[in-house]
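Residue numbers (the working numbering): 322 to 505.
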């Protein structure tokens, strides 16, 4: 089917956001997609903060975006916006890195007060990067995501249902996205 890049914009190694994305990656893989996970926190800070476009990790991330048919972008919400490490990566990508791609924006946070961060902070950036189609995103409360002692992730039933729907809509949209040419 399609190649999906699954980008976690969390700076934390024990991130609920990252764990949730990897959980959703399994659903996409079960639907026949080739999923490439990318945790932005694993990119060296000197490459991100120094805007080193030639750093091998930045070159590799850029290639992942170029290869993908669709991109899932997940971020924790801080101060009503997406994470700084995600911003640092997006700033280093080509202006139209999302041209011709279907994008699923996801966010996690501690309060429903942050629910609009997807539409007012993240979506405009994804749109400016040329995304062909940004499907309905989803905000999941931190309290709805639990990691058990054995490392197993559990998601509250209502959140599981909603996430399943948006992931399935994203998966279906991957087959319908027209490839757009980017003017040079």
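Glycine included, every Cβ here is placed at the ideal spot set by N, Cα and C.
- [ ] With distances taken Cα to Cα, identify the nearest neighbour of residue 420 among 397, 388 and 406.
- [x] Stepping through the chain shown from its first residue, residue 420 is reached at position 99. Checked all of 397, 388 and 406; the closest Cα to residue 420 is 388.
- [ ] Would you give the residue range spanned by the alpha helix (DSSP H) that residue 338 belongs to?
- [x] As a first step, residue 338 must be located in the chain shown, where it is residue number 17. From DSSP, the alpha helix (DSSP H) with residue 338 extends over 337-351.
- [ ] With a 10 Å radius around its C-beta and 16 neighbouring C-beta atoms as the bar for buried, classify residue 360 as buried or exposed.
- [x] Here residue 360 is taken as the residue at index 39 of the chain shown, counted from 1. Label assigned to residue 360: buried.
Task: Per-residue DSSP class, three states only, for residue 480 - done: Within the chain shown, numbered from 1, the residue matching residue 480 stands at position 159. In this structure, residue 480 counts as helix in the three-state DSSP scheme.
Open item on the list: Give me, in chain order, the residues of the same chain whose beta-carbon lies closer than 6 Å to that of residue 499; leave out the 5 immediate sequence neighbours on both sides.
Closed with: On the chain shown, residue 499 is found 178 positions in, with the first residue counted as 1. Low local confidence applies: a pLDDT of 42 at residue 499 is under 50, so the model's placement there is unreliable, and no value is given.
- [ ] Output the distance between the C-alpha atoms of residue 382 and residue 342, rounded to the nearest integer angstrom.
- [x] Locating residue 382 in the chain shown gives position 61, where the first residue counts as 1. Locating residue 342 in the chain shown gives position 21, where the first residue counts as 1. Near 17 Å, if we compare the C-alpha coordinates of residue 342 and residue 382.
TODO: Specify the secondary structure class of residue 355 as computed by DSSP and reduced to three states.
DONE: Looking up residue 355 in the chain shown gives position 34. It is a strand residue.
- [ ] Name the two residues that bound the continuous alpha helix (DSSP H) containing residue 379.
- [x] On the chain shown, residue 379 is found 58 positions in, with the first residue counted as 1. 377-388 is the span of the alpha helix (DSSP H), which, as asked, contains residue 379.
Open item on the list: Considering only DSSP beta bridges, list what residue 420 is partnered with.
Closed with: Here residue 420 is taken as the residue at index 99 of the chain shown, counted from 1. In DSSP, residue 420 forms a bridge with 452.
TODO: Could you please give the first and the last residue of the uninterrupted alpha helix (DSSP H) stretch that includes residue 392?
DONE: Here residue 392 refers to the residue found at position 71 when the chain shown is read from its first residue. That residue, residue 392, is in no alpha helix (DSSP H); its beta strand (DSSP E) goes 391-397.
Task: Whole-number beta carbon distance between residue 401 and residue 442, since they are thought to touch under 8 Å - done: Numbered from its first residue, the chain shown carries residue 442 at position 121. Numbered from its first residue, the chain shown carries residue 401 at position 80. Indeed they touch by this definition, with Cβ atoms about 7 Å apart.
TODO: Taking only the alpha-carbon atoms, compute the straight-line gap between residue 493 and residue 469 and give it to the nearest angstrom.
DONE: Looking up residue 493 in the chain shown gives position 172. Looking up residue 469 in the chain shown gives position 148. Cα to Cα, residue 493 sits roughly 31 Å from residue 469.
Task: Nearest to residue 460 (by Cα), restricted to the options 370, 433 and 373 - done: Position 139 of the chain shown, counted from the start, is the residue given in the question as residue 460. For the residues 370, 433 and 373, the minimum Cα distance to residue 460 belongs to 433.
Open item on the list: For the region 478-487 against the region 450-464, do three or more pairs of beta-carbon atoms, one drawn from each stretch, fall closer than 8 Å, so that the two count as touching?
Closed with: yes
Open item on the list: Is the separation between the beta-carbon of residue 395 and that of residue 330 shorter than 8 Å?
Closed with: Residue numbering aside, residue 395 sits at position 74 when the chain shown is read from its first letter. Residue numbering aside, residue 330 sits at position 9 when the chain shown is read from its first letter. Contact flag set, yes.
Task: Run of the alpha helix (DSSP H) containing residue 411, from where it starts to where it stops - done: Locating residue 411 in the chain shown gives position 90, where the first residue counts as 1. Counting along the chain, the alpha helix (DSSP H) containing residue 411 begins and ends at 405-413.
TODO: Give the DSSP-derived three-state secondary structure of residue 504 in the structure shown.
DONE: Reading the chain shown from its first residue, position 183 is the one you call residue 504. Low per-residue confidence applies at residue 504: pLDDT is 40, beneath 50, and the placement is therefore not dependable enough to give any value.
TODO: Specify, as a first and last residue, the run of the beta strand (DSSP E) that residue 467 falls within.
DONE: Walking along the chain shown from the start, residue 467 turns up at place 146. From DSSP, the beta strand (DSSP E) with residue 467 extends over 466-468.
Task: Top-ranked residue by Cα proximity to residue 368, from 467, 380 and 479 - done: Translated into positions along the chain shown, residue 368 becomes position 47. It is 380 whose Cα lies nearest to the Cα of residue 368.
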